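Numbers 1 to 274, taken from full-length UniProt numbering, label the letters of the sequence shown in order. We put the beta carbon where it would ideally sit given N, CA and C, even for glycine. All figures in this text were calculated on a predicted structure; none of them were measured in a lab. Notes follow the structure.
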Amino acid sequence: MSVRSFAGRSVVITGAAGGLGQALVAVFLQAGARVLALDCNTQALIALREAMPPHGTDKAPTLATLVCDITQPQDCEATIAQAVALWGGVDVLVNNAGISHRSLFEDTDPAVLRKVMEVNFFGAVHMTHAALPQLLARRGVVAALSSVAGYAPLLGRTGYCASKHALHGFFDTLRTEVQERGVQVTLICPSFIATGIGAAALGASGAAATTPRITTGGESSPHDIALRILAALAQGKGQLLPDRTSRLAWWVSRLAPNWYAHTMQRRVRAEFEP
Numbered sequence: 001m002s003v004r005s006f007a008g009r010s011v012v013i014t015g016a017a018g019g020l021g022q023a024l025v026a027v028f029l030q031a032g033a034r035v036l037a038l039d040c041n042t043q044a045l046i047a048l049r050e051a052m053p054p055h056g057t058d059k060a061p062t063l064a065t066l067v068c069d070i071t072q073p074q075d076c077e078a079t080i081a082q083a084v085a086l087w088g089g090v091d092v093l094v095n096n097a098g099i100s101h102r103s104l105f106e107d108t109d110p111a112v113l114r115k116v117m118e119v120n121f122f123g124a125v126h127m128t129h130a131a132l133p134q135l136l137a138r139r140g141v142v143a144a145l146s147s148v149a150g151y152a153p154l155l156g157r158t159g160y161c162a163s164k165h166a167l168h169g170f171f172d173t174l175r176t177e178v179q180e181r182g183v184q185v186t187l188i189c190p191s192f193i194a195t196g197i198g199a200a201a202l203g204a205s206g207a208a209a210t211t212p213r214i215t216t217g218g219e220s221s222p223h224d225i226a227l228r229i230l231a232a233l234a235q236g237k238g239q240l241l242p243d244r245t246s247r248l249a250w251w252v253s254r255l256a257p258n259w260y261a262h263t264m265q266r267r268v269r270a271e272f273e274p
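Here it is, written out as structure tokens:
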């Protein structure tokens, strides 16, 4: 199997100012790619640019940043147009942006679940729809950051799990439509990463969650996960389980689904106990 090179390729990354997003920007730049980094946080994008090493020249930049609300289709279309204007096209789209919530369904305002779906699922759908003509023309790659919650239950995250399960249904089916036309579709399913997504999780009302977050397994570093993502995309993998916990959860949730659900329920329930 041939290994894809990203040198000189045009890469669009959503949620680029977060912990994993910054790591992805760094490893793609190190691989020689030209990166358009997207986020909805202007100040965080400024900090991202300052954190990166020198990138290209004024006439030939290898890193550009752009504020983008991925829940708005027109923003996504404008972003892809900007990438085409900068570098002539889009070779890789990494749908990394996401939010979480930590609240029991019975207590949760349905608007919170809708917001999670809008960002995690429809944001990826809008960006992919905007980029697909470019990816088809250039036989490119589209990747989506899912989670263990994309294939297994996790108490207190009904909306988050629903959004990640939806990504699997969407991108696994999209693969059947575009794979024979040269487009690679990759789902990435990490467990716990040392980023700010847990601390930024929404609570039942939509304000920041105040319940403690419990992890079942160690946290991987964003840089390590980003390197594994880069390797998986280069190797043409359709799915990546990048850490021990995600691989274990994959197999156990399939071989013993009831035991897995009961065990996770028992471990995570403490988040919501007084």
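Quick one: what does DSSP say M1 is sitting in, helix, strand or coil?
-> In this predicted model, M1 has a pLDDT of only 48, less than 50, meaning its place in the structure is not dependable; the value taken from the coordinates is given anyway. Looking at M1 - three-state DSSP - the assignment turns out to be coil, as it is neither helix nor strand.
Between the CA atoms of A207 and D109 - distance to the nearest angstrom | 11 Å
Distance between L135 and R34 (C-alpha atoms, nearest Å) | 15 Å
Bridge-paired residues (DSSP) for S100 | The secondary-structure analysis by DSSP pairs S100 with nothing; it has no beta-bridge partner.
Among the residues of its own chain, which have a CB less than 6 Å from the CB of P242, if the five just before and after it don't count?
-> Same-chain partners within the cutoff: P190, I225, R228.
With distances taken from CA atoms, which of P222, E271, R114, Q235 is nearest A17?
-> P222
State the start and end residues of the unbroken alpha helix (DSSP H) segment that holds Q179.
-> Q179 -> no alpha helix (DSSP H), and no H or E assigned at all.
Taking just the CA atoms, how far does A152 sit from S5?
-> 33 Å
Could you tell me which residues DSSP puts in a beta bridge with A95?
-> In the sequence as presented, Ala is not what sits at residue 95; that position holds Asn. For N95, the pairing in a beta bridge is given by DSSP as A144.
Taking T65 and L48 to be in contact with their CB atoms under 8 Å, please state how far apart those CB atoms are, rounded to whole angstroms.
-> Under the criterion of beta carbons closer than 8 Å, T65 and L48 qualify as touching, at roughly 6 Å.
Between which two residues does the beta strand (DSSP E) harbouring I188 extend?
-> 184-188
Hey, could you find the ends of the beta strand (DSSP E) D39 is sitting in?
-> 34-39
Residue span of the alpha helix (DSSP H) that contains I70, given as start and end | From DSSP, I70 is part of no alpha helix (DSSP H); its letter is neither H nor E.
L93 and T128 closer than 8 Å at C-beta | The Cβ atoms of L93 and T128 lie closer than 8 Å to each other.
Beta strand (DSSP E) segment containing I13, residue limits | Here the beta strand (DSSP E) through I13 covers 10-13.
For S221, which three-state DSSP category applies?
-> coil
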